[in-house]
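For any residue, its number in the working numbering is found by taking its place in the sequence shown, counting from 1, and adding 418.
A short worksheet on the structure shown next.
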Amino acid sequence: MKAVFVEQTGGPENLKYADIPKPSPAAGQALVKIAASGVNFIDVYFRTGLYPAPPPIVLGNEAAGTVEAVGPDVTNVLPGDRVAYAMARGSYAEYAAVPAWQLVKIPDSVDFQTAAAAMLQGMTAHYLTHSTYPLKAGDSCLIHAAAGGTGALLVQMAKMLGAHVIGTVGSEEKAQQAKAAGADEVVIYTKEDFTAKAKGMNVVYDSVGKSTFMQSLDCLRPRGLMVNFGNASGPAPDVPPLLLTQKGSLFLTRPSLAHHLATQEELDWRAGDVLKWIAQGKLKLRIHKVYPLAEAAQAQRDLEGRGTTGKLLLTP
Ligand code: NDP
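This is the structure:
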């Protein structure tokens, strides 16, 4: 089967599109014939080596498709089921063997591309707004990269929960999209100082990292929560605990989706909400572009190049 992988970490030119053996499902796994695979920043981190893994690394952490076969001890899915999943590496491929418990059945009204686009970024927005800091009416939050794939979903969920949302974006066009997603105020942080507008926030959701982290601390109210959940501009700097005292007894966390899908119940809750809201039209996904699998390197260049808004997908 065709797959996209790296033998040596580095730039997008290191991605190889070539044949590798088709996997067969081991005990507890299902073989999924992939219809669409999501492109996420985590794939870039594995490609560059920021997140280490033994080579060859088949990239991709999210897909939707059809169960083709199941290994021993699998009872939750059957061949022919339409399924989607996130956080099992190897989805930039025609097939993937995935732990069956991670598979979620796709509602009939949701197509494969929508399901693939929803899982990783949707469940991330869900845990950030419902678990890391459970937002409620009257809370205020700052969301960086608010027109991005994850950012636009975060804005929508924060608004569903009644929070006041300030979003930051890199361009005028993205500002329009963040507003369309529901942001109450938008700052173009490549031109303006966002700390002037965002003051006294209950929580900052910062996926940009290096270039925004320190200023983000100044946007929080005393005892506010700093959530650094990504490294789009590079990893956030080290922080001495005393700095958190000086900035107002702040709380700091660096969460990962992997730890927020810890049980079957948690996965069913988050994926169930996300897919239900999409089916009901309450949560809108924006698919930026669908690329052939062979063009995965270009998709990653586009994601890193800050020119995209919404989801990038690959189709085998
Ligand atoms: P996005 O679609 O949000 O793309 C990244 C955006 O980050 C860009 O469009 C850009 O928006 C902004 N950005 C700011 N500075 C830079 C820079 N120097 N280089 C590149 N982009 C920059 O991507 P995703 O939705 O896939 O991911 C967003 C973030 O969320 C990533 O950091 C990712 O790691 C994180 N994430 C974390 C998870 C977790 O559980 N911890 C799970 C899922 C995602 P603009 O031009 O508006 O600044």
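C-beta: ideal position from N, C-alpha, C; glycine also.
- Query: Where does the unbroken alpha helix (DSSP H) through residue 474 begin, and where does it stop?
  - Reply: Neither: residue 474 is in no alpha helix (DSSP H) and is coded neither H nor E.
| message | Counting C-beta neighbours from all protein chains within 10 Å, is the total for residue 496 16 or more, i.e. buried, or is it exposed? | response | By the neighbour-count rule (16 or more Cβ atoms within 10 Å), residue 496 is not buried but exposed.
Could you check how far apart the C-beta atoms of residue 706 and residue 730 are, in whole angstroms? I think they sit under 8 Å.
6 Å
Alpha carbon to alpha carbon, how far is residue 493 from residue 524?
17 Å
Which same chain residues, not among the five before or five after residue 537, have their C-beta less than 6 Å away from its C-beta?
-> Within the same chain, 480, 502, 504 come within 6 Å of residue 537 by CB-CB distance, once the 5 residues on both sides are set aside.
* **residue 564 vs residue 587 beta-carbon contact at 8 Å** => yes
Pairing CB atoms from the segment 544-563 with CB atoms from the segment 470-488, are three or more of them under 8 Å?
Too few Cβ pairs lie closer than 8 Å, so no.
Would you tell me roughly how many angstroms separate the C-alpha atoms of residue 567 and residue 490, rounded to the nearest one?
36 Å
| query | In chain order, what residues of the same chain lie with their CB nearer than 7 Å to the CB of residue 600, ignoring the 5 residues before and after it? | reply | Correct list, in chain order: 573, 574, 577, 583.
- [ ] To the nearest angstrom, report how far apart residue 626 and residue 539 are at their CA atoms.
- [x] 15 Å
Please name the residue, chosen from 727, 617, 589, 499, that lies closest to residue 736 on a Cα-to-Cα basis. Nothing can be reported for residue 736, as the shown portion of the chain is limited to 419 through 734.
Nearest-angstrom Cα separation, counted from residue 640 out to residue 610: One Cα belongs to residue 610, the other to residue 640, and the distance between them is close to 24 Å.
For residue 437, I'd like the list of residues in its chain whose CB is within less than 8 Å of its CB, leaving aside the five on either flank, ordered along the chain. 419, 420, 421
**OP:** Count the C-beta pairs between the segment 648-656 and the segment 683-693 that are closer than 8 Å, then say yes if the count reaches three, no if not.
**Re:** no
Comparing C-alpha positions only, which one of 634, 518, 510, 476 sits nearest to residue 444? The residue with the shortest Cα to Cα distance from residue 444 is 518.
| message | Quick check: residue 624 and residue 604, are their CB atoms within less than 8 Å of each other? | response | no
*In this structure, does DSSP put residue 669 in helix, strand or coil?*
strand
Give a yes or no on contact between the segment 672-679 and the segment 694-704, applying the rule of three or more CB pairs nearer than 8 Å. no
Considering only heavy atoms of the ligand NDP, does any lie closer than 7 Å to the CB of residue 539? yes
Can you tell me the Cα-Cα spacing of residue 385 and residue 460, whole angstroms? This structure gives no information on residue 385, because the portion of the chain shown stretches from 419 to 734.
* Measure the C-alpha to C-alpha separation of residue 602 and residue 585 and round it to an integer number of angstroms. => 8 Å
* Tell me whether residue 647 is buried or exposed, calling it buried when 16 or more other Cβ atoms sit within 10 Å of its Cβ. => buried
DSSP state of residue 432 mapped onto helix, strand, coil
helix
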